[in-house]
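The structure under discussion appears below in the form of structure tokens.
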Amino acid sequence: MCFIGGDWNARAGKPRPGETCIGSHERNRRNVPGTALIQFCTCLDLFLCNTAFRHPARHKTTWTGTRKDSSGNYIQIFNQIDYILCKAAHKHLLLDSRSYGGLEANSDHKLVITRIGLYKSYKQLKKPTYDKRESYNLELFHDENFRQKYANKLQVELDDIDTTKPANTIWDAVTSSMKRTALNVVGINQKQHKFHNNEIFSLSENQKALRLRIQNSRNSEDIRDLRKLRNVILLNIKKIQKTLVYKETEKKFQNIAKQKDGTRMFMAMRLLMKK
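Our numbering numbers the first residue of the sequence shown as 2 and each following residue consecutively.
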């Protein structure tokens, strides 16, 4: 992908028959450097980005100067002589291109900015992904049985540590014992990837592929048909997600009901607010 930007000191003017390197929102009349710029763009298959979008005149002009008129009075002139060029094959990626005033720089030219949208291709994931950070099922420690079981097993682990070794070695052994005991007693709460459901994952990949086809298509009828098909898939995803949410909420309520009266309110807040 190639972009060229700068002060060309050229007024490209309105597009003439057969010229595809200029948009329909150019300003000013063409001058000699403008003709050279058009020839340059035509030869290298380039496109003038900031001529492709409808904007007020103040957002088209890139340089303001003064000159004398026939009466000897100074008048302002507004020119569009700064351009950003891209390959003609990439102009469908353009989102906007315009000039901005008020630039705090040592220049009498305006700032010209072009925004583009880059569409990435989505790769198929062969298996669900999980967060690398370990998160233990700490909610289980509100149960006296789990606390006592953890304390007993941890004490056995700590009794086997050699306290004659250096402090940092002892500390590493203690932390390892705590983690190992927690893993055996309460286990790890692995947070799955958003699309851990196989059916949702498959539908999501299909709608992503359709979205890429919509963004890259130039046929209005194909775009309309693809959007209808994608909307059907998105609706199915929402229905499946709603069913999963209901099941997950019911499971949380069942876990809350198993708790003692003293910890039930706390557990309800923890489980219901947990993402």
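All residues carry an ideal CB built from backbone N, CA and C; glycine is no exception. All of these numbers come straight from a predicted model, not from anything done at the bench.
{"query": "CB of Thr-65 within 8 Å of CB of Gln-77, strictly", "result": "yes"}
{"query": "Residues near Arg-214 in its chain [Cβ-Cβ closer than 6 Å; skip 5 each side]", "result": "Leu-227"}
{"query": "Euclidean distance between Cα positions of Tyr-137 and Ala-183", "result": "7 Å"}
{"query": "The region 201-216 / the region 151-166 touching (three or more Cβ pairs under 8 Å)", "result": "no"}
{"query": "Contact under 8 Å by Cβ, Phe-54 with Cys-22", "result": "no"}
{"query": "Pairwise C-alpha distance: Met-2 and Lys-253", "result": "51 Å"}
{"query": "Element boundaries [alpha helix (DSSP H), containing Thr-244]", "result": "221-258"}
{"query": "Check whether Arg-12 and Asn-80 have beta carbons under 8 Å apart", "result": "yes"}
{"query": "6 Å CB neighbourhood of Phe-196 in its chain, flanking five on each side removed", "result": "Residue placement at Phe-196 is poorly supported in this model, since its pLDDT is 45, which falls under 50; the coordinates still yield a value, given next. Closer than 6 Å at the Cβ level, and outside the excluded window around Phe-196, lie Phe-202 and Ser-205."}
{"query": "Backbone CA spacing between His-56 and Asp-97 [nearest angstrom]", "result": "10 Å"}
{"query": "Residue burial classification, Arg-28 (beta-carbon count within 10 angstroms, cutoff 16)", "result": "buried"}
{"query": "Beta-carbon proximity list for Lys-92, same chain, < 8 Å, skipping 5 on both sides", "result": "Phe-48, Cys-50 and Ala-53"}
{"query": "Where Gln-149 falls: helix, strand or coil (DSSP)", "result": "helix"}
{"query": "Straight-line gap, Ile-114 to Gly-7 (C-alpha atoms, nearest Å)", "result": "11 Å"}
{"query": "Member of Leu-119, Tyr-84 and Thr-36 whose CA lies at the smallest distance from the CA of Leu-112", "result": "Tyr-84"}
{"query": "Cα-Cα separation between Tyr-75 and Ala-210, rounded to whole angstroms", "result": "59 Å"}
{"query": "His-56 - DSSP class collapsed to helix/strand/coil", "result": "coil"}
{"query": "Option in Asp-46, Thr-264 and Ile-257 with minimal Cα separation from Phe-4", "result": "Asp-46"}
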